[in-house]
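Line by line, the protein sequences give chains Z and P.
With the first letter of the first sequence counted as 1, position 149 gets the number 149 in my numbering; the numbers rise by one all the way through.
With the first letter of the second sequence counted as 1, position 318 gets the number 318 in my numbering; the numbers rise by one all the way through.
Input: a single structure, listed below in structure tokens.
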Amino acid sequence: MDPLTPRQDASRDVTPLMQELRLTPDPFAGSLSEPTAVVEPGELRHVALHLKSRGFMLMDSVGIDYLSYPQPRPKRFAVLHNIYHPYDHRRIFLRVWLDDGQPLDSLSPVWRAAHYLEREVYDLIGVEFTDHPDLRKILTPDDLEGHPLRKDFPIGESPTLFREGRFLDPAAFRAGLSGQDGGLTGWRGSLRRGSVRDMVPPVMPEGGPK
Amino acid sequence: MTTLPQTPGPRQTASTEKPTEGALLHTEMLSLNVGPQHPSTHGVLRLVVDMDGERVSRVVVHMGYLHTGFEKTFEHRTYQQGVTYAPRTDYLHSFGHELAWVLGVEKLLGAQVPERAQVIRVILHELGRIHSHLVFVGTGLLDLGALTPLFYTFREKESCQDIFEAISGYRMNQGYFRVGGLSKDAPDGWEQMVARFCDQQERGIQEYLNLFGQNPIFLDRATDIGIISAEEAIDLGLTGPNLRASGVPLDHRKNNPYSGYENYDFEVITTQKGDCLDRFRIRILEIEQSIKIIRQALARLRPGPVKDPNRKISLPPRPELETSMEAVIHHFKLVTEGFHPPLGEVYVPVETCRGEVGYYVVSDGGSMPYRVKIRSPSFVNVQALEYACVGAQFADLITILATIDPVLGDVDR
């Protein structure tokens, strides 16, 4: 049997459930996706309460920034809640489309599992959740500004700015890696401080490789 | 209360008037910092515990010390390179994360994994589970003050790592699975090595149980401590052994079989009470079930290919590069650029030793994923601390933390 073919199991079909809750299937969900329903931001908690009363649990919350996605999407951000039934094993994703800065109802009053999961989405994607009991950063350092999993978060050549003016300069960083310079980390630290004269020639000679 | 020896401090010498006894006797909530470099936090987890006397009234968890932005890094690496990062999330059960990653990408690509590769994946997945559970039993008992069991469980853990080293070259963070199969075939004699390990592990379990199974201190410290009911466990999003210890028989190997798990005969172990003792017991029993699965898998192991023959997915065999221009082109394209899965979003859940692991992969048609979200069980399970520790004594907090078994790489990613 091909293990990747989805198993045809009627008891796991969530179509009746989606009809009962009047959920619209996600038009962008391909044949490979799990069953996904699009929910309006205002209705999310209502739908979640219904699902909770039927015994579903919240497995995960996924925040996605579609800023540079090749196909047009209705809005920039999507929050997907991965919801699973631990006894009859139905799985449904609830997708909410959001604009930048648009808050979303927290699911913390419904499932306690949402507490950390939403904090993570807030930290990494920057979606604000209303009625969340403790919406703080959870994974990134306190002095990091911005939300790293946004597609416009500066990486690579752009310096990463921290509060208080600390920043990573990519050119200096690379120079450190190639041995031209002590660089940011200053791993030839005693040399840079001037206690020893630097007798080691730079790895790359002036004017590029011969 | 024992009286502490009096040492003349600066406060006593500075005060001209000796304070009355009543002024010294007052109660206040004590905030105690645990970690991040505390041995019983199994990594770098910091807890701020509000204590009323010896009772814990509130736990605030601070995490992120190991956050290295795996999800962002995945977006800038090809799909095949992602195999390097996946095992580093949960370094005790690396094969679980590797498997979740490659299964997700294989679903996107429609890759066909040969039978032999699937059986070897099952063996390694189960060995990884045993490996992690052995660390759990050893270090968990170490946290309770029992030093000896660690040396017994780590004996088998080292044998486990020898097997990993024999097949992949690495004792930890193997990165051995490939999208479409395995990086290379198992060496000669590897099956016998695994078979010997199964016998050794079975004897080992008896030894562990003889060591601590009836130990009154262990039983006192674990029984009825940190009870999580089934409803609460579901509400908190617990998965894996922590959920099954509360009596919910959710196991994706049984309920959403992957890599041919539907062909294996094993039991899903559940216990009813959901206390720390149950969480210890369930892992010991799961090691037995894993041995059972490995033995069945060894019986199913037949010679054959270990990679998808599709040249657009797997690297061509090395000798072919010397005779075939197409092979050189395929090799070059796969190494420099990788493959381009179609647009789509997939999620494949996998049961690791800590619970449900799944990679939500969004493909934009390019050679690198557009977005990867790791559903890491430890991150969600750690929330149970804030619930289960309230009202417990401080020493019990260590027991509860040990039995919830988070791996901080998996929490912080």
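Glycine residues also receive a C-beta, built at the ideal position from the N, C-alpha and C atoms.
Three or more Cβ pairs closer than 8 Å define a contact, and the region 119 to 132 of chain Z falls short of that threshold against the region 252 to 269 of chain P. The criterion of a C-beta distance shorter than 7 Å is not satisfied by Cys276/P and Thr84/P. Under the DSSP assignment, Phe93/Z falls in the beta strand (DSSP E) whose first and last residues are Arg91 to Leu98.
Listed along the chain, the chain P residues whose CB falls inside 7 Å of the CB of Ile64/Z are Val362 and Arg371.
Less than 7 Å divides the Cβ of Leu134/P from the Cβ of Lys157/P. Chain Z has no Cβ within less than 7 Å of the Cβ of Lys273/P.
Per the coordinates, the alpha-carbon of Ile293/P lies some 7 Å from the alpha-carbon of Asp265/P. In the three-state reduction of the DSSP assignment, Phe129/Z falls in the strand class.
Going by beta carbons, Thr239/P and Pro36/P fall outside the 7 Å limit.
Thr153/P sits close to Gly138/P, with the two beta carbons spaced by under 7 Å.
Put simply, the region 31 to 39 of chain Z does not touch the region 54 to 67 of chain Z. Fewer than three CB pairs are less than 8 Å apart. A straight line joining the alpha-carbon of Pro70/Z with that of Arg76/Z spans about 12 Å.
Asn33/P counts as exposed, since fewer than 16 other beta carbons sit within 10 angstroms of its beta carbon.
Of all residues in the region 90 to 114 of chain Z, the ones placed with a Cβ closer than 7 Å to any Cβ belonging to chain P are Trp111, Arg112 and Ala113, in chain order. With a beta-carbon spacing of about 5 Å, Asp65/Z and Lys151/Z fall inside the 8 Å limit used to define contacts. According to the DSSP assignment, Leu49/Z belongs to the alpha helix (DSSP H) that extends over Leu44 to Ser53. A straight line joining the alpha-carbon of Leu211/P with that of Gln201/P spans about 15 Å. Residues of chain P whose Cβ lies closer than 7 Å to the Cβ of Tyr116/Z are, in chain order, Phe379, Val380 and Gln383. In the structure shown, Ala146/P adopts coil according to DSSP, grouped into three states.
The residue among Asp100/Z, Leu51/Z and His89/Z with its C-alpha nearest the C-alpha of His147/Z is Asp100/Z.
Within the model, the alpha-carbon separation for Ile287/P versus His330/P is close to 42 Å.
Leu30/P and Thr41/P have their C-alpha atoms roughly 20 Å apart.
Remark: C-beta atoms of Arg300/P and Val113/P do not approach each other more closely than 7 Å. Among the residues of chain Z, none has a CB under 7 Å from the CB of Tyr264/P; the nearest is roughly 13 Å distant.
Gly63/Z and Gln383/P have their alpha carbons spaced roughly 20 Å apart. By the C-beta density criterion, Gly145/P is exposed, having fewer than 16 other C-beta atoms within 10 angstroms. The three-state secondary structure of Val14/Z, taken from DSSP, is coil. Below the 8 Å Cβ cutoff, chain P contributes Gly344, Glu345, Val346 and Tyr347 as neighbours of Ser33/Z, in chain order.
At least one CB of chain Z lies nearer than 7 Å to the CB of Lys72/P. With respect to Val328/P, Gly104/P sits apart: the two C-beta atoms are not nearer than 7 Å. Per the coordinates, the alpha-carbon of Ala117/P lies some 16 Å from the alpha-carbon of Gly110/P. Using a Cβ distance threshold of 7 Å, Leu99/P and Val350/P count as a contacting pair. Judged by DSSP secondary structure, Tyr387/P falls outside any beta strand (DSSP E) and instead within the alpha helix (DSSP H) spanning Gln383 to Ala388. Of the candidates Tyr208/P, Arg295/P, Leu236/P and Phe70/P, the residue whose Cα lies closest to the Cα of Glu386/P is Leu236/P. Of all alpha-carbon atoms in His125/P, Ile130/P and Gly365/P, the one lying nearest the alpha-carbon of Gly260/P is that of His125/P. Following the DSSP letters along the chain, one finds Arg203/P inside the alpha helix (DSSP H) bounded by residues Trp190 to Tyr208.
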